[in-house]
Amino acid sequence: MFRILVFPAFFLLTLMSIGQVNSTLTVEKIMSDRVYLGETPTEVRWSEDSKRVLFKWRPMDKENNAVYQMSIKERVPKILNVNETNSLNIMEASFSKDLKKMLFQRDGDIFLKDIKSGVESVVVATDEFESAPYFNDDETIVIFQRGNNLYQIGLSGQGLKQITNFTREQFYEGKTIKDKGAWLQKDQLRLFDVLKRQHTNKKNDNDKSTLPRSYFLPASSTISNLSIDKHMIFVVFSIADQSENSRTIEVPNYVTLSGYTENIAGRTKVGAILPTYSTRIYDLERDTIYDVLTNNIPQIKRLPEYIKDYPEQLERLTKENKDRKVNISRPIWSPDRTSAVVNIVSQDNKDRWIMKLDPLNGKLFPLDHQHDEAWIGGPGIGSFYGTLNLGWINENTIYFQSEVTGYSHVYSLNVTNKEKKQLTSGSFEVQTLQLSNDKKFFYLTANLENPGITHFYKLSVNGGDLIKLTSIKGLNEVTLSPDEKWLAIRHSSITKPWELYLQENKPIAEAVQTTQTTSPDFVAYSWKIPETIVFKNRNGVDTYAQVFKPTKPLKNKTAVVFVHSNGYLQNVHYGWSYHFREYMFNNLLVDEGFTVINIDYNASSGYGRDYRTGIYRHMGGRDLSDVTDSAKLLVEKYHVNPDYIGLYGGSYGGFLTLMGLFTEPEVFKAGAALRSVTDWAHYNQRYTSNILNEPLTDENAYKRSSPIYFADGLKGHLLMTHGVVDVNVNFQDVVRLSQKLIELGKDDWELALYPLEDHNFIEPSSWTDQYKRILKLFKNTLTE
């Protein structure tokens, strides 16, 4: 059940005026950011006492986004003033065992808060930046990080003490760092006793104790994942050493306040030299540091299958027989902090291990191993757009998610006898997961009923039936209150944007809507609910799509295919679209007489591992064939004219638009490619190397996947648009393709550039100009 709350008077006046507005769509109105929508509620969180919900929002009657709060009793959003908002700047919170006290960082200082009274007290406040606070086992000491080091301070009067002393002063492993300033300081201390005494006194005054032994890091390194065990004996830390510099991109900004061209620092390109990672343990009692040993990781020397396509590489790598490089997570300590597990991922992202760590000697013991010849990913698995769901149920049992069955599901595993149990199963994904306070239940989000519908469920840690807690059809994103009595639900449907609802944490309880983001103009227009269909693609795989059918089709029965962005994203569902502007624009196209189809092609999320990795080593392969199959479906089932089909999309959708026009010119007559990747060798490491490996090791994958190699196939009409200060898909991409089209003598293409826009456009004027051009393109080329 759900109901709509009675809103304040301005909402009632808004709804009463519906009959006075114009419901005709225009590009200007769709892209205005002021006619139809405010900004939907985001960044939802609860107060520590579970009495208030806090979120960011901009209703229609406000000019700017702001932080709002809403009590569970009144359920009326109230804007917070600046001082109240600043006081909420709570970061890196950790809780006492009884959940009555909270440690947190605010503006680089450490605070302790009594949750019931709301009283805050300062633990550490200095000019330096302190972070990551947590209690020791008996909760008498607070441990925190300052710079590259761990410190402790007592809550009962004990002074500040430095636990580690990682530094880059003069030496690293007995070798002098070639730094004149460091040498001069050392020489001054050798020559002058007074300076030496003052320097020693200053260090003692700062720390009020003897500093621990120095551990010198390479000048090119960074330290991370600092963690200490229950007994404060073993410090585990990771070092990333970027000894060789990777060249980074500089994005020229032409329209600047200074009047001069200014460069924006950007990312590296795929195949850049990666840091060398190592994880080490500092035994404080024995005052010694040693490595976490990775040589016994199962299949650590395994070569990927694609190397067989390159015989010379295969022969060389087989002879070298090297261990693959891995990244090791921060240790996840058991509830009693006597045992730890780590998540390990190979740098080629084809293997993931969960292993038990023995901090006494740095040895690793395998618990679970996941392998994928494409790449490890999926919800809750901690790689490729996801968080890592891995933790302890009790002192002997961990939980985690795995795609071993083809879908991301929940597992428990006994770390002593390695007994593993699958707790959820089926052709659906567990998309979020958290353990209850009493560690007897999981709360999870899953698309159990349909790939495009999500609900919130409760599940025993021993497995069994999922207990459904939400009931409104569509998409539901739930934030559970700290006391686990309430659900704050971001809900949306196909025709209704995200709004915030409150519901008691009971199965199918009443959900009460508490925000209203849309305008009278939005309500006045009859937004279209597309027909959601499932069809078999040429590979016999179920493919989901939405078809918008016009009431009065154009005389020549033309159609447009919309291609969503991000690659790994789901756009065919029963919620409000991530591409909400495009959803509204598709409504406009249908009003003009176009048939429109929106498709979740291979690589889209929500459908499991095989669908996600279907584009491995060939972007523009199965994903593009799905797009082409959807166009043919329009001809066969919806009687669209095969000679008048266009397509458009941004980012990854722009890339597929280019590939469609270049390699399937007999299918697509016109297309608009927005902020498109034109050559994958020029995109970033994290995303691209998962799918195509690296250019130096898998050149064929890049050549078959990059539009610039197929530009000679252009026969139809192409519009390209791009932000000049795009730091994601750089403007250089479209410049390089433009030069190729010029050299090929192609005529029917144009480029619109936007000097002040990044990858995601901001200004309504830019959005409007871009989509007026797209509408003009389709009207001029696809209609008679």
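Read in the numbering used here, the sequence shown has 631 at position 631, and its numbers run on one by one without any break.
Beta carbons: idealized from backbone N, C-alpha and C, even for Gly.
Of V415, G406, G378, L390, the smallest CA-CA separation from N396 is found for V415. Every beta strand (DSSP E) stretch that sits fully inside the region 349 to 436 and reaches 3 residues is listed by chain position as 351 to 358, 363 to 371, 390 to 394, 397 to 402, 409 to 414, 420 to 422, 430 to 435. Per DSSP, reduced to three states, the secondary structure at N245 is coil, with no helix or strand assignment. Under the rule that a run must span 4 or more residues, the alpha helix (DSSP H) segments found entirely inside the region 643 to 671 read 652 to 663. In this structure, K528 and N587 form a Cβ contact; the two beta carbons are roughly 5 Å apart against a cut-off of 8 Å. In the three-state reduction of the DSSP assignment, G723 falls in the strand class.
Nearest neighbour of N148 by Cα position, chosen from G157, S156, E130, turns out to be E130. Considering only A672, V667, N327, Y702, the residue with the shortest C-alpha distance to H682 is Y702. In this structure, the alpha-carbon of D610 lies about 22 Å from that of W680. In this structure, T721 and A752 form a Cβ contact; the two beta carbons are roughly 5 Å apart against a cut-off of 8 Å.
Of all C-beta pairs linking the region 569 to 576 to the region 584 to 602, three or more are shorter than 8 Å, placing the two stretches in contact.
In the three-state scheme derived from DSSP, where H, G and I count as helix and E and B as strand, L274 is classed as coil. The C-beta separation of E694 from V270 comes to about 6 Å, placing the pair in contact by the 8 Å criterion.
Excluding five sequence positions before and after L466, the CB atoms of its chain that fall closer than 6 Å to its own CB belong to Y457, L459, given in chain order. Per the Cβ contact rule, the region 549 to 564 is in contact with the region 645 to 653 (3 or more Cβ pairs under 8 Å). In the DSSP secondary-structure assignment, P252 is bridged to N263. Assignment of L569 by DSSP, reduced to helix, strand and coil, places it in the coil class. The C-beta of T613 has 16 or more other C-beta atoms within 10 Å across all chains shown, which makes the residue buried. A distance below 8 Å between beta-carbons, with the five flanking residues on each side excluded, links P335 to the following residues of its chain, in chain order: W392, N394, E395. In this structure, L674 lies away from A711, with their beta-carbon atoms at least 9 Å apart. Counting along the chain, the unbroken beta strand (DSSP E) around T445 starts and ends at 441 to 450. If you ignore the 5 residues before and after E92, its C-beta comes within less than 8 Å of the C-beta of F104, Q105, S131, A132, P133, all in its own chain and listed in chain order.
Counting C-beta pairs with one atom in each stretch, the region 239 to 248 and the region 144 to 163 have fewer than three that are closer than 8 Å, which means they do not touch. The continuous stretches of alpha helix (DSSP H) do not include W527, and DSSP gives it neither H nor E. According to the DSSP secondary-structure assignment, L751 is paired through a beta bridge with M720. Take R704, set aside five residues on each side of it, and the residues of its chain with a beta-carbon closer than 7 Å to its own are H618, in chain order.
In the assembly as shown, L364 is a buried residue. Its beta-carbon has 16 or more other beta-carbons within 10 Å. For S625, no beta strand (DSSP E) run applies; the uninterrupted alpha helix (DSSP H) run containing it begins and ends at 622 to 638, by DSSP. Taking the C-beta atoms as reference points, F594 is found nearer than 9 Å to T558. In the structure shown, K496 falls within a strand segment according to DSSP collapsed to helix, strand and coil. Taking C-beta atoms as the reference points, K325 and Y277 count as a pair closer than 9 Å. Looking at the backbone, the Cα of L37 and that of S47 are separated by about 27 Å. Contact between V35 and D769 does not hold, since the beta-carbon distance rounds to 17 Å and is not under 8 Å. Considering only E74, I30, I153, G464, the residue with the shortest C-alpha distance to T514 is E74. Relative to the Cα of H369, the nearest Cα in the group W375, I354, I381, L317 belongs to I354. For S346, the enclosing beta strand (DSSP E) starts and ends at 340 to 346.
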